[in-house]
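Here the structure comes first, spelled out in structure tokens, and everything after it is commentary.
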Amino acid sequence: MSSSASSASSASSASSASSASLASSESSSASYSVSDSGIRGRGKGETFTQLHVKKRIVFQPGSALLTAKSEADVEQIAELLAKRPKTKLTIMGHTFAPELHEGASGQQLAPGSSAFKSLLEKMEQLSLQRAKTVRDVILRQDRISKKYIQCLGAGDSLPLFNASGDYLERASKRVEILTPGQARQLAPTIRKLAKLVAKRRVRAQRKATKKSDASDSDSDSDSSPSSGSDSGSDSGSDSSSSSSSAAAAAASDSS
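Just so you know, the UniProt record's numbering puts 7 at position 7 of the sequence shown, and the rest follows in order with no gaps.
Next comes the structure, spelled out in structure tokens:
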């Protein structure tokens with residue numbers, strides 16, 4: 001198994017361990033559920049210690065607008081949260097643009113390029129906007145206060161992988177709603193995913209640099225004066241200069 005696959009497998013195992021840990025503590029506290037919708041929570045007093053949302057929160061392509069069905073699902077989540085309104089929450093949005101990841105579908109942008117940086121920033125902003133959209137729907141419940149909800153935008157920094165190290169592109173586009181305890185339990189998995197993404201981007205940047213160097217070398221060979229020609233040394237031209245063409249690609253559906 002490759003190092004990427006090993007890291008992904010470790011991250012998957014850590015996530016499974018976190019789920020098992022959550023399940024093992026369920027018997028010690030009272031639970032609520034919402035109309036058998038796959039949305040449930042456990043806790044004491046006015047706070048939930050655990051939330052389990054099986055439904056995937058879906059947005060319209062390239063935007064922070066929820067689909068009608070997902071908006072109804074989030075309203076059900078809010079209905080549950082209103083039962084224990086002092087629950088502190090972290091709502092974390094995630095996006096996935098294939099152009100930002102080596103090995104994903106589509107043509108990857110060169111890491112470090114202006115187009116890459118622009119799309120990366122766009123995805124970070126979109127992921128935060130999506131987290132805030134979910135928060136705003138939850139806040140329609142009068143009993144829930146904004147002061148208990150923190151919104152984060154992870155952008156494309158924490159995609160999901162299968163055991164072979166391949167991207168789970170559709171599943172990576174997600175919004176997570178976590179209690180403080182769940183956020184702590186997921187922290188090791190988040191660190192593993194972040195390291196794996198960083199390694200892949202470093203590797204992709206090295207490949208892009210080698211490709212650029214090879215292109216510059218070919219340009220130098222083609223532009224060198226042929227034997228017998230009279231080329232003035234004070235011409236002021238720099239044969240090693242290369243023209244850069246920025247291919248800005250930011251598909252609206254890539255998030």
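Heads up, the beta-carbon is just placed ideally off N, CA and C, and yes, glycines get one too. Predicted model, so just to flag it, every value in this text is computed and none were measured.
Contacting residues, own chain, Cβ-Cβ under 6 Å from residue i (five flanking each side not counted)
i       : result
Glu-169 : Phe-96
Thr-47  : Arg-84, Lys-86 and Thr-87
Arg-200 : Glu-102
Val-74  : Val-134 and Val-137
For residue i: DSSP bridge partner residues
i           : result
Gln-150     : Thr-90
residue 263 : One cannot answer for residue 263 here, as it falls past the ends of the chain, which runs 1 to 255.
Residue span of the alpha helix (DSSP H) that contains residue i, given as start and end
i       : result
Arg-170 : 169-172
Sequence-distant residues of its chain with Cβ nearer than 8 Å to residue i (five each side left out)
i       : result
Ala-187 : none
Leu-65  : Phe-59 and Thr-133
Ser-35  : Confidence at Ser-35 is low in this model, with a pLDDT of 43, below 50, so its placement is unreliable and the value that follows should be read with caution. The residues are Gln-76.
Gln-205 : Ala-110, Pro-111 and Gly-112
Contact set for residue i: own chain, Cβ-Cβ below 7 Å, skip 5 residues either direction
i           : result
Ala-110     : Phe-116 and Ala-208
Ala-82      : Gln-141, Arg-143 and Ile-144
Ala-104     : Pro-98, Tyr-167 and Glu-169
residue 258 : The chain is shown only over 1 to 255; residue 258 falls outside these bounds and no answer can be derived.
Lys-146     : Leu-139
Glu-71      : Val-137
### Message
Could you tell me which whole beta strand (DSSP E) segments of length 3 or greater appear in the stretch 32-116?
### Response
39-44, 47-53 and 89-94
### Task
Flag this pair as touching only if the stretch 120-140 and the stretch 184-194 have three or more C-beta atom pairs under 8 Å; answer yes or no.
no
### Message
Is it the case that the stretch 50-57 contacts the stretch 100-118, given that we only count it when at least three CB pairs across the two stretches are under 8 Å?
### Response
no
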